[in-house]
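Novice: My numbering puts the first residue of the sequence shown at 836, with every later residue one more than the last.
Here a beta-carbon is modelled for each residue, glycine too, at the ideal position from N, C-alpha and C.
Here it is, the structure, as structure tokens.
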Amino acid sequence: MKLRFTLLLCCFVAAVALAQDFPDSGISEEEKSFLGLNDQLAKALENLKKQMPCGFPDHGIPPLAPFKRPYTEIQYNHALFSILANFFDLRVDGLNDYRTNAVTMSILTMKGTFDLNFNMIAAKGQYKMNFFPINLIRIKGEGDLDFKLKDLRVKGDFQLGIKGKGTTLKSFNIGVVLGDVNSNISNLLGGGLAGRLANRAIENFVKFFIKTQHRFVSDTLRKKIVTIVNDKLQNYTVKDLLDIIAASQKPPTCVPPPDNEINLLLKLLQLTELH
């Protein structure tokens, strides 16, 4: 899903910080008067939930609640595991089911923090997978995907700056704490008792990996987020970001598009990415 939700969050935070730290940027006092408070960031995140079922067409972002993907491939090798998986008609629910614990910003240092709790993120679809946890056993299967992350907490800190005519994310640190995992993937190892044991093994491995390899998880997310966010922020002036944060203070009027329009948009986006 390429962390599009985090991109929008960073854009909102950037607008608030830059509006106050750079008084010579051409922003009027009237525009600055309603920005800069932490509760306004929290309000923006609450309104973001309501907009996610419609996506953000002006920014080329499809609906995120649920998030759908016709086809996704994962291939990765790590010291503790390797995986090759194909997912078809992937659907992810719960990206808008979060609670904002805290969002803060220091005007003097341009540093901020965030702390979000996702109740449950659920993935469904069709899959074909070869998975080697601990690189000792092989879990293979093809069938229906049903996988849930429960009580997922995402927190971290960041620092912003100006680069050329755009803005930049100078530093970004993120940590993940996972409450529980529920795996009910069909036809693993042929199903039956072997399939149930394979699902329990996947649950235990995911919890073990996130708990013990938090540095790797954090570094991987940080690299992806900084690259994606800065690619977008370089095209946004301070005034552009102010427009985003200003618009986010009003509750959106979101009418989700029909499934056929969403599927067409996703196919077009996928073709664009391939080229």
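Can you tell which of LYS1067, TYR933 and GLY1010 has its C-alpha closest to the C-alpha of LEU883?
Specialist: With distances taken between Cα atoms, LEU883 lies closest to TYR933.
Novice: If you pair each beta-carbon of the stretch 894-908 with each one of the stretch 1023-1032, do three or more pairs fall below 8 Å?
Specialist: no
Novice: Report the option in ILE1079, GLN961 and LEU984 whose CA atom is closest to the CA atom of ILE1045.
Specialist: LEU984
Novice: From CYS1089 to LYS885, what distance separates their C-alpha atoms?
Specialist: 7 Å
Novice: Where does ALA957 sit, in a helix, a strand or coil, going by DSSP?
Specialist: strand
Novice: Check whether the Cβ atoms of LEU1013 and LEU987 sit closer than 8 Å, and answer yes or no.
Specialist: Cβ distance < 8 Å, so LEU1013 and LEU987 count as in contact.
Novice: Taking ASN931 and MET887 to be in contact with their CB atoms under 8 Å, please state how far apart those CB atoms are, rounded to whole angstroms.
Specialist: 4 Å
Novice: Quick one: what does DSSP say THR944 is sitting in, helix, strand or coil?
Specialist: Coil, per DSSP.
Novice: How would you call ARG904, buried or exposed, if buried means at least 16 neighbouring beta carbons within 10 angstroms?
Specialist: Taking all protein chains shown into account, ARG904 has 16 or more neighbouring C-beta atoms within 10 Å of its C-beta and is therefore buried.
Novice: Is the CB-CB distance between ILE1009 and SER1053 below 8 Å?
Specialist: yes
Novice: Distance, Cα to Cα, GLN1048 vs PHE1040?
Specialist: Between the alpha carbons of GLN1048 and PHE1040 lies a gap of roughly 11 Å.
Novice: I'd like to check one pair, SER1021 with GLY991: are the Cβ atoms closer than 8 Å?
Specialist: No, they are not a contact pair.
Novice: Using alpha carbons as the reference points, say which of ASN936, GLN961 and GLY890 lies closest to ASN954.
Specialist: ASN936
Novice: Specify, as a first and last residue, the run of the alpha helix (DSSP H) that GLN910 falls within.
Specialist: Careful: GLN910 lies outside any alpha helix (DSSP H), inside the beta strand (DSSP E) at 902-912.
Novice: Taking C-alpha atoms, which residue in LYS1085, PRO968, PHE993 and ASN1065 lies nearest to ILE1037?
Specialist: PRO968
Novice: Does the distance from the CB of ILE974 to the CB of ALA1033 come in under 8 Å?
Specialist: yes
Novice: Rank THR1003, GLU881, PRO892 and GLN1084 by C-alpha distance to the C-alpha of PRO1091 and give the top, closest one.
Specialist: Nearest option by C-alpha distance: PRO892.
Novice: With DSSP as the reference, label ARG934 as helix, strand or coil.
Specialist: strand
Novice: Residues in its own chain within less than 8 Å of TYR962 by CB, not counting five upstream and five downstream?
Specialist: For TYR962, where only same-chain residues beyond five positions count, the Cβ hits under 8 Å are ALA920, ASN921, PHE922, PHE923, GLY976, GLU977, GLY978, ASP979, LEU980 and ILE1020.
Novice: In the structure shown, what three-state DSSP assignment does ILE1037 receive?
Specialist: helix
Novice: Is LYS1067 helix, strand or coil by DSSP?
Specialist: helix
Novice: Alpha carbon to alpha carbon, how far is ASN970 from ASP915? Give it in angstroms, no decimals.
Specialist: Reading off the sequence shown, one finds Leu at residue 915, where the question assumed Asp. In a straight line, the C-alpha of LEU915 is about 6 Å away from that of ASN970.
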